[in-house]
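One structure below.
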Amino acid sequence: MELIDTHTHLDFADFDADRTALLAESRALGVRRMVVLGVYQDNWQRVWDLVQSDSDLYAAFGLHPVYLDQHQPEDLSELGAWLERLAGHRQVCAVGEIGLDYFIETLDRERQQALFEAQLQLAADFNLPALIHVRRSHAAVIATLKRLRLKRAGIIHAFAGSKEEAREYIKLGFKLGLGGAATWPQALRMHRVLAELPLDAVVLETDSPDMAPAMYPGERNSPAHLPAICVALAAIMGVSAEQLAAASSANACAVFDWTIPAQSGL
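Quick note: the sequence shown, position 5, residue 5 per the UniProt record's numbering, numbers continuous.
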């Protein structure tokens, strides 16, 4: 069973002590490729240095809404400069992590919206998919995506919305990122949604080091947990783990315009 982790923050200091060993462990468990997302201007170089050290890591660059008060006005133009400089590089796969966060009430929603739209425009300009953070903001995100339609769409990270919201994202061409949060037994509403999602609409992710699955409570999350997440989610969705792994990997390859490796058997 081969897997792709479509959302990690492997550059974070949480992994400094054992990053190389963790990558080797993840590969041994079948997690072949991993996407590392930038979240603010100061970590883009760290992300890029990391992915340059490993040909199976891929970078996305963005300005995350949670760090809104840290972002400077010039960071948007700097993001454009990064994307211009690295345009066409095989290890640049998306614009992200970007989006809207209405869970943190102190974050200015107008500034978030302006930043989100500007980054969606960058994704359009560079013909890249967008990796989108959505927290208590599905209506605003869906409305924005309907207005500013991306040719390559992308992934709704850590999807935890309703069946109706899932349907809207799928109609817009987006895949739904599923990870550890949905493995918890108390996530009953999400379980009902998962049971109705088509396999061609989902990708797997960890959000490492965050969002640990129920099997590893309180632990640092990592790509090495993705196989266990896959098994748990497959049971909820009523399919085999192999089916979910194959579909997720094929869907991720479609989003990022990657070739599905022949040895994967997909």
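Just so it is clear, CB atoms sit at the ideal spot from N, CA and C, and this is done for glycine as well.
Within the segment 129-192, ranges of the beta strand (DSSP E) (whole runs, at least 3 residues): 130-135, 154-157 and 175-178
Supposed close pair residue 63, residue 112 - CB separation, criterion 8 Å: About 10 Å separates the two Cβ atoms, so there is no contact after all.
Roughly how many whole angstroms lie between the Cα atoms of residue 94 and residue 7? 11 Å
On the DSSP letters alone, give me the boundaries of the alpha helix (DSSP H) that residue 20 sits inside. 19-28
With DSSP as the reference, label residue 231 as helix, strand or coil. helix
Nearest-angstrom Cα separation, counted from residue 31 out to residue 132: 22 Å
So, with DSSP's three-state summary, where would you put residue 101? strand
Can you give me the start and stop residues for the alpha helix (DSSP H) that residue 244 sits inside? 241-256
Sort 231, 171 and 139 by Cα distance to residue 153 and report the nearest one. 171
Got a sec? Which residues, its chain only, sit under 7 Å from residue 12 by beta carbon, not counting five neighbours each side? 209
Identify the continuous alpha helix (DSSP H) that holds residue 116 and give its terminal residues. 109-125
Could you work out which residue in 69, 146, 114 and 150 is closest to residue 130 when comparing CA atoms only? Distance check between residue 130 and each of 69, 146, 114 and 150 places 150 closest, using alpha-carbon atoms only.
Three or more C-beta pairs under 8 Å: does that hold for the segment 233-250 against the segment 40-48? no
Looking at C-alpha atoms only, which residue of 183, 191, 187 and 50 is the closest neighbour of residue 225? The candidate whose alpha carbon is nearest that of residue 225 is 183.
Distance, Cα to Cα, residue 91 vs residue 56? 8 Å
Where do the N-terminal and C-terminal ends of the beta strand (DSSP E) with residue 33 fall, by residue? Going by DSSP, residue 33 is part of the beta strand (DSSP E) stretching over 31-37.
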